[in-house]
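Colleague: So the protein sequences, as listed, match chains A and B.
Going by our numbering, the first sequence opens with residue 1, and the numbers climb by one from there.
Going by our numbering, the second sequence opens with residue 496, and the numbers climb by one from there.
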Amino acid sequence: MMQKISESALDERRERLAGRLRTVVDGPHVLGTRQELAPYECDGLAAYRVVPLLVVLPGSIDEVQAVLRICNEERIPVVARGAGTGLSGGALPNEHGILLSLARLNRILAIDPDNSSARVQPGVRNLAISEAARPHGLYYAPDPSSQIACSIGGNVAENAGGVHCLKYGLTVNNLLAVELVTIEGDRITLGGSGLDGPGYDLLALATGSEGMLGVVVEVTVKLLPIPQRAQVALAAFDKVETAGQAVADIIAAGILPAGLEMMDNPSLRAAEDFVHAGYPTDAAAILLCEVDGGNEEVSEDIAKVRKRLLDSGAIEVRTADDDSERARFWAGRKAAFPAVGRISPDYYCMDGTIPRKHLPRVLGEIADYSRESGLRVANVFHAGDGNLHPLILYDANNPGELELAEEVGGRILELCVEVGGTITGEHGVGLEKINQMCAQFPPEELQMFHDVKAVFDEHGLLNPGKAIPTLNRCAEFGAMHVKAGDLRFPHLERF
Amino acid sequence: MTDQDDTQALAEQVGAAHGARQALRIVGRDSKAFYGHRVDARTLDVSTHRGIVSYEPTELVMTVRAGTPISEIESALAENGQMLAFEAPMFGGDASIGGAIASGLGGPRRPWGGAPRDLLLGSRLLDGRGRVMRFGGEVMKNVAGYDLSRLMAGAHGTLGVLLDVSVKVLPAPKVERSLVLHMPRDRAIRRMRELARQPAPLSGACHTGEHLHIRLSGNASSVAAWEKQIGGDTGEGADFWRNLRNHGLPFFASDRPLWRLSVAPATPRLDCEHEVLTDWAGAQRWVYTRCSGNEIRHEVAKAGGHAILFRHGNDEIPVFHPLDPVRERLHRGLKQRFDPDGILNPGRMYPTI
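#1: Please confirm whether B/Y641 has its beta-carbon closer than 8 Å to some beta-carbon of chain A.
#2: Report the rounded CA-to-CA distance for B/I568 versus B/I547, giving the unit in angstroms.
#3: How is A/K433 classed by DSSP in three states: helix, strand or coil?
#4: State the start and end residues of the unbroken beta strand (DSSP E) segment that holds B/F815.
#5: Going by C-alpha to C-alpha distance, which of B/H801, B/G562, B/W607 and B/D681 sits closest to B/D525?
#6: Please work out which residues of its chain come closer than 6 Å, Cβ to Cβ, to B/D728, disregarding the five sequence neighbours upstream and downstream, and give them in chain order.
#7: In chain order, what residues of the same chain lie with their CB nearer than 6 Å to the CB of A/G162, ignoring the 5 residues before and after it?
#8: Using a cut-off of 9 Å between C-beta atoms, extract the partners of A/F274 located in chain B.
#9: Find out if the Cβ-Cβ distance for the pair A/L205, A/A177 is shorter than 8 Å.
#10: For B/Y641, which of helix, strand or coil comes out of DSSP?
#11: Suppose the cutoff is 7 Å on Cβ atoms and the five residues either side in sequence are ignored; what does the same chain contact list for B/R751 look like?
#12: Since A/I108 sits in a beta bridge, which residues does DSSP pair it with?
#13: Could you work out which residues of chain A lie near B/L646, taking near to mean beta carbons separated by less than 9 Å?
#14: Evaluate contact between the stretch 600 to 617 of chain B and the stretch 398 to 413 of chain A, counting only Cβ atoms and requiring at least three cross-stretch pairs below 8 Å.
#15: Given a cut-off of 8 Å, decide if A/A277 and A/G332 are closer than it, judged by their beta-carbon atoms.
#16: Taking 8 Å as the cut-off, decide whether the C-beta atoms of A/G97 and A/L37 are in contact.
#17: Is the shortest distance between the beta-carbon of A/D385 and the beta-carbons of chain B less than 8 Å?
#18: At what residue ranges does the stretch 653 to 692 of chain B contain a whole run of the alpha helix (DSSP H), taking only runs of 4 or more?
#19: Give a yes or no on whether the minimum CB-CB distance between A/F337 and chain B is below 8 Å.
#20: Touching or not, the stretch 20 to 30 of chain A and the stretch 55 to 65 of chain A, by the rule of three or more beta carbon pairs under 8 Å?
#21: If contacts are defined as beta-carbon pairs under 8 Å, then A/A283 and A/L268 qualify, I think. What distance do you get, rounded to the angstrom?
#22: How far does the beta strand (DSSP E) with B/G777 in it extend, from its first residue to its last?
#23: Using a Cβ-Cβ distance cut-off of 8 Å, determine whether A/N72 contacts chain B.
#24: Cβ atoms of A/V221 and A/V181: under 8 Å apart, would you say?
#25: Out of B/P694, B/P668 and B/V522, which has the shortest C-alpha to C-alpha gap to B/M578?
#26: Bridge partners for B/Q724 per DSSP, in chain order?
#27: Out of curiosity, what's the CA-to-CA distance linking A/V67 and A/L105?
#28: Going along chain B in order, which residues have a C-beta closer than 9 Å to the C-beta of A/L99?
#29: Starting from the beta carbon of A/H389, find every residue of chain B whose beta carbon is closer than 7 Å, and list them in chain order.
#30: Compute the Euclidean distance between the alpha carbons of A/Q231 and A/I183, then round it to the nearest angstrom.
#31: Could you check what DSSP says for B/G837 in three-state terms: helix, strand or coil?
#32: Closer than 9 Å, Cβ to any Cβ of chain B: which residues of the stretch 174 to 196 of chain A, in chain order?
#33: Taking the C-alpha atoms as reference points, what is the distance between A/D43 and B/E633?
#34: Check whether the Cβ of B/E551 lies closer than 8 Å to any Cβ atom in chain A.
#35: Whole angstroms is fine: what's the gap from A/L508's alpha carbon to A/L388's?
#36: Which of the three DSSP states, helix, strand or coil, is assigned to A/C289?
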């Protein structure tokens, strides 16, 4: 453990290290004043703030390697950061370490239509890849809600998802290769130019490893042909259980929707008040079901979806007449988080995943917790892949409410684990859910995670204290909250 | 054969072997015994640990014991209009799901349907001390902890003995059509890449001899539209794809060393590709060559790919593409943590793991 040291000793260390790093990175790209460091003190989870020792912005892979060699030699912690939009504190700085921003490595190196791939630097924005590929009729499928701002390097570190995961997979399913720099400063290729690489699947291991195993310095992604057409149906239900059954019925009909989203009454009402998407506010739940593919295929599938929804007991089904109506249907869903933020001073966003069949039970128990605690809960649900985002509404100004919300959140995540699910489907563990890891994994498995980490990072310098709790820490339990007022990047869609 | 949970017995056997530092050769149906280096060790038979643990079609997930035959899994899925999208190759009639995942091999549908690692959601396994561990889960989205489950796909049992796996299953296509077009290989690769860039319902693209074989899967209208656009005749239909998947085509009926090259799909003909069958729309090439092992590996590595001496090799040429020193160290480190005494399939992939 690092010793608590005095301000002046910290400043001295900062000066000395900055001097050394400036021998390998241009002076202006090593930041060390209070003013320069302030913008980096948190990521999308603004409840946690730490000022790093220094911020370093390397301009090439060589520079990344040189920086890591110095940090390894001096045993300085390194936290890598892409766009800083993550919701679990994965890019929260370490006060004794450097924050390694990959923001300057922001070039698209090659769009290769013949091989349906794109080779990009880690700081390239997710959406920028699809924009660059569009002239070739191709796109990059994973679409996390922050895609206009989040970077591909961060997507790899978090194994980012999106609303189209059920059909098109997560980040890990859409990568061909990653160039990784180890803490020793060695550069290695994971994966390859073909569909697999030699040896163990280190590409899969590194994806979603939250910056704990190495620094992503280049990414080759798979590009897919843009579907000819997409169409969406909006269905209203008078019972949440019926909506859950309708999801199962659609899958049973052999349809694999591109997107399948559910909102319960509190969340759909909040969204309707906010963006006027035309949602039926008296419904207990709504489903949005999008299908994509060839023209005829989409026409057939949407007719089938419509019939299934009605057969399953939907009280109303609408299909979008054109792209603008389709966008409106989605607008409410995409605005769900900020919409809930308008009706409550604070909310706590959960990210559990459950086997879909347990949805009625889980929603029932969440309603019980809500009644018992007196805290309102709004649910939005990636229904196709079982990823549930309960938003627990509270007011931090009321004494004890924050702790109560934490307790309800903890119970919800434990319930997700109990029914065979997981504590995080797409936001990552970071620092936010590190305590809940103790509920999901027994000590031997946590120890195996630490062992794997040690293979890549013997001295524990990469993103220390994140993702995997120490066994000692598992004696404690707690979680921090997203304060709606503090949500960074309020202009981003969050779903 | 009946469903049976052999977890306890297998854990005891691995635990005992760990205590005695005795190496084990993990065997399901042994249909891929030819693949990888020979492991001279006592057999750990997982074939009796079998049966579908849970399968609910509407969840699109099946959890199954490692010794379960692929054929049994596929018929259970077919009854519900679903499939294992990676089209596990079955050499010699059948294979176990454990072996299919551990070998990491995918069939003709792989570029569109995914590899075993893409569809593997979670696994329960025995580490080299005989301890039961569980990584991943039964849900599509799960980012808690490192993905040590996917790491098992393609690790050939060297990191753990798979007990149960949870896999994502997908709706089977309503219609499947095969098309055959007469054309030379260079042109076929270009045609395959053109098609791969369009929203065509492709599920197979292979060139062998003088013919390009295309498979379309989807709903009737979409398949019919593309069938018309692509042209050609139907050839042997589904038989061709089954024989490609299971290496039953005449091309594979040889006892010469068979190489598997994994390269960027549009890569033009390599000098060492003397006789070649091109699958996966160009990304997987089965090759007989007059080049030496070093020559073909050098050429493939220059193209950013890797080469496996898949079958009929000798002990002098490594089966799997050699690793650079950094990755080799990481492999050894992982092996050491999962299997500290090196008792699980030692040497099957690389001498030091």
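Glycine included, C-beta positions come from ideal geometry on N, C-alpha and C.
Modeller: This is what the structure holds:
#1: Position 146 of the second sequence, counting from 1, holds the residue named residue 641 of chain B. For B/Y641, the answer is yes, since a Cβ of chain A falls inside 8 Å of its Cβ.
#2: On the second sequence, position 73 is the one that residue 568 of chain B refers to. On the second sequence, position 52 is the one that residue 547 of chain B refers to. Going from the Cα of B/I568 to the Cα of B/I547 covers about 8 Å.
#3: As a position in the first sequence, residue 433 of chain A is number 433, starting the count at 1. If DSSP states are grouped into helix, strand and coil, A/K433 belongs with coil.
#4: What you label residue 815 of chain B is simply residue 320 of the second sequence in a count that begins at 1. Run containing B/F815: none; DSSP gives neither H nor E here.
#5: Translated into positions along the second sequence, residue 525 of chain B becomes position 30. Ranking the options by Cα distance to B/D525, first place goes to B/G562.
#6: For the purposes of this step, residue 728 of chain B is taken as residue 233 along the second sequence, with counting starting at 1. Taken in chain order, the residues that qualify are V675.
#7: Along the first sequence, one-based indexing puts residue 162 of chain A at 162. Setting aside the 5 residues that flank it on each side, A/G162 is surrounded in the same chain by P142, D143 and P144, each with a C-beta closer than 6 Å to its C-beta; the list follows chain order.
#8: Against the first sequence, residue 274 of chain A aligns to sequence position 274. Neighbourhood of A/F274 in chain B, by CB distance below 9 Å: empty, with the nearest CB roughly 26 Å away.
#9: Here residue 205 of chain A corresponds to residue number 205 of the first sequence, with the count starting at 1. Here residue 177 of chain A corresponds to residue number 177 of the first sequence, with the count starting at 1. Against a cut-off of 8 Å, the Cβ pair of A/A177 and A/L205 comes out as no contact.
#10: Taking the first residue of the second sequence as 1, we reach residue 641 of chain B at position 146. Residue state for B/Y641 is assigned as coil, using DSSP reduced to three classes.
#11: Here residue 751 of chain B is taken as the residue at index 256 of the second sequence, counted from 1. Excluding positions up to five away in sequence, the list reads Y783 and H807.
#12: In the first sequence, counting from the first residue as 1, residue 108 of chain A sits at position 108. For A/I108, which the question treats as bridged, DSSP gives the partners A/V120.
#13: Taking the second sequence and counting its residues from 1, one reaches residue 646 of chain B at position 151. At a beta-carbon threshold of 9 Å, the residues of chain A lying near B/L646 are Y200, D201, L202, A204, L205 and V452, ordered along the chain.
#14: no
#15: Your numbering for residue 332 of chain A matches position 332 in the first sequence. Your numbering for residue 277 of chain A matches position 277 in the first sequence. Yes, these two residues count as a Cβ contact at 8 Å.
#16: One-based indexing of the first sequence puts residue 97 of chain A at position 97. One-based indexing of the first sequence puts residue 37 of chain A at position 37. Their beta carbons are not under 8 Å apart, which means A/G97 does not touch A/L37 by this criterion.
#17: As a first step, residue 385 of chain A must be located in the first sequence, where it is residue number 385. Look at A/D385: its C-beta is under 8 Å from a C-beta on chain B.
#18: As for any alpha helix (DSSP H) of minimum length 4 sitting wholly inside the stretch 653 to 692 of chain B, the runs are 680 to 691, ordered along the chain.
#19: Stepping through the first sequence from its first residue, residue 337 of chain A is reached at position 337. It does not; no Cβ of chain B falls within 8 Å.
#20: yes
#21: Translated into positions along the first sequence, residue 283 of chain A becomes position 283. Translated into positions along the first sequence, residue 268 of chain A becomes position 268. Contact flag correct, Cβ pair sits at about 7 Å.
#22: Within the second sequence, residue 777 of chain B is the residue found at index 282, counting from 1. Neither: B/G777 is in no beta strand (DSSP E) and is coded neither H nor E.
#23: Residue numbering aside, residue 72 of chain A sits at position 72 when the first sequence is read from its first letter. No, its Cβ sits nowhere closer than 8 Å to a Cβ of chain B.
#24: Position 181 of the first sequence, counted from the first residue, corresponds to residue 181 of chain A. Position 221 of the first sequence, counted from the first residue, corresponds to residue 221 of chain A. For A/V181 and A/V221, no; Cβs fall outside 8 Å.
#25: Numbered from 1 along the second sequence, position 83 holds the residue referred to as residue 578 of chain B. Ranking the options by Cα distance to B/M578, first place goes to B/P668.
#26: Locating residue 724 of chain B in the second sequence gives position 229, where the first residue counts as 1. According to DSSP, B/Q724 bridges with nothing at all.
#27: On the first sequence, residue 67 of chain A is found 67 positions in, with the first residue counted as 1. On the first sequence, residue 105 of chain A is found 105 positions in, with the first residue counted as 1. Going by the C-alpha atoms only, they are around 15 Å apart.
#28: Locating residue 99 of chain A in the first sequence gives position 99, counting from the first residue. Neighbours of A/L99 on chain B: none; closest Cβ ~22 Å, over 9 Å.
#29: Sequence index remark: in the first sequence, residue 389 of chain A carries index 389 (1-based). Within chain B, not a single residue places a beta-carbon under 7 Å from that of A/H389; the smallest gap is close to 11 Å.
#30: As a working note, residue 231 of chain A is residue 231 in the first sequence. As a working note, residue 183 of chain A is residue 183 in the first sequence. Their Cα atoms are separated by approximately 47 Å.
#31: Taking the first residue of the second sequence as position 1, residue 837 of chain B is located at position 342. It is coil, neither helix nor strand.
#32: L176, A177, T182, E184, D186, R187, I188, T189, L190, G192, S193, G194, L195 and D196
#33: Counting from one through the first sequence, the residue named residue 43 of chain A turns up at place 43. Counting from one through the second sequence, the residue named residue 633 of chain B turns up at place 138. Using only the alpha carbons, I get a separation of about 30 Å.
#34: One-based indexing of the second sequence puts residue 551 of chain B at position 56. Taking a beta-carbon distance threshold of 8 Å, B/E551 counts as an interface residue toward chain A.
#35: Because chain A in this structure spans residues 1 to 495, residue 508 of chain A falls outside the shown range and cannot be described.
#36: Walking along the first sequence from the start, residue 289 of chain A turns up at place 289. Correct three-state label for A/C289: strand.
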